[in-house]
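The structure appears below as structure tokens.
In this note's numbering, the protein residues as written are 307 to 576.
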């Protein structure tokens, strides 16, 4: 009898809330059945579309398992206010949320060679092949913009949708300065470059173009299987290819190349 008099009442349905279910002083008491109902309603109204799209199209196995765990925790009565922000983060983490700083190399993963990043300027050091990456391998649709200036050597490459290990795989946009200057896009598999899937001579796009000692703005935009690459605001490559659906971004140079990268930004493609 005493237990019934002191037991809390669910604010939603009026049923008795057990001691284990009580929220504590100053908080609203809700029974487990009502918590489940509220969580299901919240998911249905706010996240159903996003969940379905992500599970079908964009989210890898690891994230599917994470989302399933979060849904289970929510429907088990764990505090919704804590889990919902985490849930949103998991869903949205397949696109860039910020751009890496070029003031140092802390946010960059160096795969090969020595790199320096000072005052917003990134450059390779020494006469050797250089590679680095940044971001998340779950990134899918995004746009990369960077200012690049080549002073000498063969050229440089900009990785996108690549893996983050030395045996790198993904796409590489290449700025080829020697011979007949050209722009290429190559698939890379286990750090082996394949035949170009897109190629255009620089003089086919520009009547006047300084290959060396001139900063050029490079933009790479990839959405689903559609790729658009611009140099100084002019489209130099546009094509469809679905070889790689997600991955990090990065840079590479050849051994004789002297180049700097600055003003790097990454953004989600809506």
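All residues carry an ideal CB built from backbone N, CA and C; glycine is no exception.
Buried versus exposed, by CB contacts within 10 Å (16 or more), residue i
| i | result |
| --- | --- |
| residue 576 | exposed |
| residue 529 | exposed |
| residue 431 | exposed |
| residue 498 | exposed |
| residue 463 | buried |
| residue 526 | buried |
| residue 537 | buried |
| residue 472 | exposed |
| residue 422 | exposed |
| residue 518 | exposed |
| residue 482 | buried |
| residue 321 | exposed |
| residue 520 | exposed |
| residue 310 | Note that residue 310 scores 44 on pLDDT, short of 50, meaning its location in the model is unreliable and no value can be drawn from it. |
Cα-Cα separation between residue i and residue j, rounded to whole angstroms
| i | j | result |
| --- | --- | --- |
| residue 492 | residue 452 | 19 angstroms |
| residue 339 | residue 429 | 59 angstroms |
| residue 318 | residue 426 | 55 angstroms |
| residue 466 | residue 455 | 19 angstroms |
| residue 531 | residue 512 | 27 angstroms |
| residue 543 | residue 346 | 46 angstroms |
| residue 436 | residue 449 | 23 angstroms |
| residue 562 | residue 412 | 25 angstroms |
| residue 541 | residue 557 | 20 angstroms |
| residue 438 | residue 316 | 56 angstroms |
| residue 386 | residue 336 | Unreliable positioning characterises residue 386 in this predicted model, as indicated by a pLDDT of 49, which lies under 50. The coordinate reading is nonetheless provided below. Residue 386 and residue 336: Cα-Cα distance of roughly 12 angstroms. |
| residue 458 | residue 348 | 58 angstroms |
| residue 361 | residue 445 | Reliability fails at residue 361, whose pLDDT of 43 lies under 50, so the model's placement of it is uncertain and the value that follows must be treated cautiously. Between residue 361 and residue 445, the C-alpha separation is close to 15 angstroms. |
| residue 535 | residue 515 | 17 angstroms |
| residue 433 | residue 424 | 20 angstroms |
| residue 522 | residue 402 | 23 angstroms |
| residue 470 | residue 334 | 47 angstroms |
| residue 410 | residue 570 | 13 angstroms |
| residue 510 | residue 488 | 9 angstroms |
8 angstroms Cβ cutoff met for residue i and residue j
| i | j | result |
| --- | --- | --- |
| residue 533 | residue 550 | no |
| residue 500 | residue 490 | no |
| residue 417 | residue 406 | no |
| residue 554 | residue 440 | yes |
| residue 568 | residue 344 | no |
| residue 268 | residue 565 | Since the first and last residues shown for the chain are 307 and 576, residue 268 lies out of range. |
| residue 486 | residue 507 | yes |
| residue 503 | residue 547 | yes |
Supposed close pair residue i, residue j - CB separation, criterion 8 angstroms
| i | j | result |
| --- | --- | --- |
| residue 476 | residue 468 | 3 angstroms |
| residue 552 | residue 443 | 7 angstroms |
| residue 474 | residue 494 | 6 angstroms |
Item checked: Length-filtered (4 minimum) alpha helix (DSSP H) runs lying within the segment 492-517 -> If we require 4 residues or more, the alpha helix (DSSP H) runs fully inside the segment 492-517 come out as 508-511.
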